[in-house]
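Novice: Right, I'll just put the structure down here and ask away after.
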Amino acid sequence: MTGDSENPNADVQYHLEVGPDDVAETVLLPGNPDRIPTIVAHWDDYEIQAHHREYRTATGTYEGTPISVTSTGIGSPSAAIAVEELARVGCETFIRVGSCGAIQPEMAVGDLVITTGAVRQEGTSDEYVREDYPATADHEVVSALVAAAERLGYDYHTGVTMSADSFYAGQGRPGFEGFEAAGSADLVDQLKAANVKNIEMEASAILTLASVYGLRAGAVCTVYANRETGEFRTEGESRAAETATLATQLLAKMDAVKRDAGVDRWHAGLSLEE
């Protein structure tokens with residue numbers, strides 16, 4: 001028995017320093033805390049609720065829909081902490097908002113990638129479930145992200161993402177003094193052949209934890225680099241932020257339609273049109 005030793009804070013979460021009144025049911029999850037100003041710029045209003053370590057949280061509204069954002073830092077271990085603690089204070093939907101490297105030649109820098117599932121090449125989710133458990137995005141979140149990208153007119157791709165624990169060796173890049181990890185030379189080619197769309201570092205853990213806990217999660221990332229063409233630019237960061245923000249409003253509308261129809265899941269027979 002651990003008693004109260006696991007969380008010494010009675011009212012707020014240990015790492016995020018937020019409580020139930022500080023966050024909305026839907027929360028956007030960028031990695032970099034410096035991306036929060038880019039995200040909240042699309043909202044109607046917001047207040048910073050907490051900032052501790054890599055975790056910065058803001059809550060506001062967009063077109064009348066409550067919305068929160070919490071930065072997770074780099075990688076799945078810190079992202080899993082964010083999901084754990086946000087779930088404990090009542091968050092039910094998680095949308096990763098980030099950047100990625102594309103590995104298919106037709107994907108341009110600045111395009112969006114909406115994740116439908118993820119290759120779990122990170123160790124965090126292995127500590128929750130067996131290695132053959134799938135990391136899948138919630139279809140309602142995917143639908144809302146696609147609808148948002150369509151309404152905004154942004155070029156996007158949907159498909160499988162690979163999440164790695166390492167920016168360098170784990171993504172097939174050379175390490176210090178040209179070090180090459182075993183299998184790294186063929187990694188990108190193998191993923192490309194399997195029609196994997198992009199590589200990043202958090203999505204699979206976020207999707208896995210959400211599935212395990214019966215919550216909703218998805219991911220939308222802006223392409224910064226194309227590993228096939230060698231192109232790299234930090235371009236289009238706000239597109240993922242705007243898309244995820246609009247998707248949050250669309251999810252709220254979908255939930256309202258579901259309630260009115262007396263169904264638990266969104267399906268093709270329902271409509272958001274007035």
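In terms of the UniProt record's numbering, the sequence shown opens at residue 1 and continues consecutively.
The beta-carbon is built from N, C-alpha and C at its ideal position, and this holds for glycine as well.
From the DSSP secondary-structure annotation, give me the bridge partner or partners of residue 59.
Specialist: 47, 68.
Novice: Once you ignore the five residues that flank residue 31 on each side, which residues in its own chain have a CB closer than 7 Å to its CB?
Specialist: The answer, listed in chain order, is 71, 72, 73, 74, 98, 202.
Novice: Determine the contact status of residue 204 and residue 162, defining contact as a CB-CB distance below 9 Å.
Specialist: The answer is yes: Cβ separation under 9 Å.
Novice: Which whole-angstrom value is the C-beta distance of residue 220 and residue 193, which I expect to be below 8 Å?
Specialist: At roughly 24 Å, the Cβ-Cβ gap does not stay under 8 Å, so residue 220 and residue 193 are not in contact.
Novice: Do the stretch 11–21 and the stretch 35–44 meet, that is, are 3 or more Cβ pairs less than 8 Å apart?
Specialist: Verdict: no, contact absent.
Novice: Residue 38 by DSSP, collapsed to three states: which one?
Specialist: Residue state, collapsed to three classes: helix.
Novice: Report the rounded CA-to-CA distance for residue 270 versus residue 172, giving the unit in angstroms.
Specialist: Using only the alpha carbons, I get a separation of about 43 Å.
Novice: Compute the Euclidean distance between the alpha carbons of residue 200 and residue 177, then round it to the nearest angstrom.
Specialist: Spanning the two alpha carbons is a distance of roughly 23 Å.
Novice: So what does DSSP say about residue 231, is it helix, strand or coil?
Specialist: Three-state DSSP puts residue 231 in a strand.
Novice: Which of the three DSSP states is assigned to residue 306 in this structure?
Specialist: Residue 306 is absent from the structure shown; the chain starts at 1 and stops at 274.
Novice: I need the DSSP call for residue 74, collapsed to helix, strand or coil.
Specialist: Note: residue 74 maps to coil in three-state DSSP.
Novice: At what residues does the beta strand (DSSP E) containing residue 95 begin and finish?
Specialist: Unbroken beta strand (DSSP E) run through residue 95: 93–102.
Novice: Terminal residues of the continuous alpha helix (DSSP H) containing residue 245?
Specialist: Looking at the DSSP string, the run of the alpha helix (DSSP H) that includes residue 245 is 237–261.
Novice: For a test of the three-state rule: what should DSSP assign to residue 20, helix, strand or coil?
Specialist: Helix at residue 20.
Novice: Mind checking which residues open and close the alpha helix (DSSP H) that includes residue 151?
Specialist: Where residue 151 is concerned, the enclosing alpha helix (DSSP H) stretches over 139–152.
Novice: Would you say the beta carbon of residue 167 is closer than 8 Å to some non-hydrogen atom of the ligand MN?
Specialist: Among the ligands in the structure shown, none appear at all, so the ligand MN cannot be discussed.
Novice: Roughly how many angstroms separate the alpha carbons of residue 154 and residue 69, rounded to a whole number?
Specialist: Going from the Cα of residue 154 to the Cα of residue 69 covers about 22 Å.
Novice: Cα-Cα, which of 29, 50, 62 is closest to residue 249?
Specialist: Minimum Cα distance to residue 249 is reached at 62.
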